[in-house]
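To convert, note that position 132 of the sequence shown is 132 in full-length UniProt numbering; the numbers rise steadily by one, no gaps.
Written out below as structure tokens is the structure these notes cover.
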Amino acid sequence: MMGNLGQILLQLLRFAIYAGVHVLLISRLSLFNVGWCLFYLGFLLFLPIATPIVLLLVLSFVTGFTMDLFYDTGGVHAAAAVLLGYLRPWVLKLLTPRDGYDAQDSVNIHQMGWQWFLVYLVLLVGIHHFAFFFLELGSFSAVGLTLLKVLASTLFTGVTMLIVQLLFFPAKRRR
1 MMGNLGQILL QLLRFAIYAG VHVLLISRLS LFNVGWCLFY LGFLLFLPIA TPIVLLLVLS
61 FVTGFTMDLF YDTGGVHAAA AVLLGYLRPW VLKLLTPRDG YDAQDSVNIH QMGWQWFLVY
121 LVLLVGIHHF AFFFLELGSF SAVGLTLLKV LASTLFTGVT MLIVQLLFFP AKRRR
């Protein structure tokens, strides 16, 4: 019972860190005014692999809704985050290693390898950003500029998540 409480508190702390860093620091950065880093996605991307789908969807909605409250975006962050949460188990299943995942595994570049991590990251962040920017636009009127935003933002967010993984995630498996 104490282990579960510790895990819940750890995840709440992780959420606060990702959301806080995004709102206070990262949201002010842009890449040539066409690319933005949606740093809060790290919370959803790096959850333990065994996270139940219902909990993942609830956490995705809460994370996206929190960003919508800060940026007054009317549910765009929530919708795109829930899409990411819905597709994450499918992408994990698609990328399952030959020996499968261990119960305590989390998304970790050191354990899963560069190729696995980059495919995981590009698929989920790319789909999230595609949905986010087209929902934000509300039409298909400026497809070229919107696709440029998706590409630049996916690159910016992906590189940032890669740096976070290399700096803050352990190279050794926890027992």
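Cβ atoms here follow ideal geometry from the backbone N, Cα and C, with glycine treated the same way.
Remember, it's a predicted structure, so these values are computed and weren't measured experimentally.
Using 10 angstroms around the beta-carbon of residue i, count the other beta-carbons present and answer buried if the total reaches 16, otherwise exposed.
| i | result |
| --- | --- |
| Arg28 | exposed |
| Asn154 | Strictly speaking, residue 154 in this sequence is Thr, with Asn absent from that position. The residue is buried, with at least 16 neighbouring Cβ atoms inside 10 Å. |
| Lys93 | exposed |
| Ile53 | exposed |
| Gly35 | buried |
| Ile109 | buried |
| Phe156 | buried |
| Arg88 | buried |
| Ser60 | buried |
| Gly64 | buried |
| Leu56 | buried |
| Phe70 | exposed |
Express the C-alpha separation of residue j and residue i in angstroms, rounding to a whole number.
| i | j | result |
| --- | --- | --- |
| Met1 | Ile49 | Caution applies to Met1, whose pLDDT of 49 falls short of 50 and renders its modelled position unreliable; the value that the coordinates give is listed next. Roughly 20 Å separates the two Cα atoms. |
| Pro170 | Phe39 | 20 Å |
| Trp116 | Val164 | 16 Å |
| Ile17 | Ser141 | 36 Å |
| Leu41 | Val159 | 13 Å |
| Thr96 | Leu167 | 24 Å |
| Gln104 | Leu47 | 11 Å |
| Leu121 | Leu45 | 8 Å |
| Ile8 | Gly144 | 42 Å |
| Tyr86 | Val58 | 10 Å |
| residue 224 | Phe15 | As shown, the chain starts at 1 and ends at 175. That puts residue 224 outside it, with no answer to give. |
| Phe32 | Leu148 | 11 Å |
| Gly75 | Asp68 | 6 Å |
Considering only DSSP beta bridges, list what residue i is partnered with.
| i | result |
| --- | --- |
| Ser106 | Pro48 |
| Leu31 | Gly35 |
Can you tell me whether residue i sits near the ligand FAD, meaning its C-beta is under 6 Å from at least one heavy atom of the ligand?
| i | result |
| --- | --- |
| Tyr40 | As presented, the structure is devoid of all ligands, the ligand FAD included, so that no description of it is given. |
Can the beta-carbon of residue i be found closer than 7 Å to that of residue j?
| i | j | result |
| --- | --- | --- |
| Leu84 | His22 | no |
| Leu135 | Ala79 | yes |
| Val150 | Phe133 | yes |
| Val91 | Leu118 | no |
Alpha helix (DSSP H) segments (min. 4 residues) lying fully within the region 141-168
Segments of the alpha helix (DSSP H) lying fully in the region 141-168: 143-168.
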